[in-house]
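Worksheet for the structure shown next.
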């Protein structure tokens, strides 16, 4: 919640009730944890990161030109 990734979009997040875990929807979520409870000094900015994740999301809607070629599936073991 502190990163702003829940809230209005909470229904689009997979929540595993048994374990009380959430499956990340974007790689920004774990990257945000690197600086949790920290104030980054202005002279250290910009911070640059790259992230990779399977991006578990519940997304509804049509596939438009900006999402062409992206496969949206549910990937679970």
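Residue numbers (our numbering): 320 to 396.
Glycine included, every Cβ here is placed at the ideal spot set by N, Cα and C.
From residue 355 to residue 346, what distance separates their C-alpha atoms?
Indexing the chain shown from 1 puts residue 355 at position 36. Indexing the chain shown from 1 puts residue 346 at position 27. Those two C-alpha atoms are separated by around 15 Å.
Span of the alpha helix (DSSP H) holding residue 350?
Locating residue 350 in the chain shown gives position 31, counting from the first residue. Looking at the DSSP string, the run of the alpha helix (DSSP H) that includes residue 350 is 347-351.
If the criterion is Cβ atoms closer than 8 Å, does the pair residue 333 and residue 341 meet it?
Your numbering for residue 333 matches position 14 in the chain shown. Your numbering for residue 341 matches position 22 in the chain shown. Yes; because the gap between Cβ atoms is below 8 Å, this pair is in contact.
Please classify residue 370 as buried or exposed, where buried requires at least 16 neighbouring CB atoms within 10 angstroms.
Along the chain shown, read from residue 1 onward, the residue named residue 370 stands at position 51. It is exposed - the Cβ of residue 370 has fewer than 16 other Cβ atoms within 10 Å.
Between the CA atoms of residue 336 and residue 368 - distance to the nearest angstrom:
The residue labelled residue 368 in the question sits at position 49 within the chain shown. The residue labelled residue 336 in the question sits at position 17 within the chain shown. Taking the straight line joining both Cα atoms gives about 30 Å.
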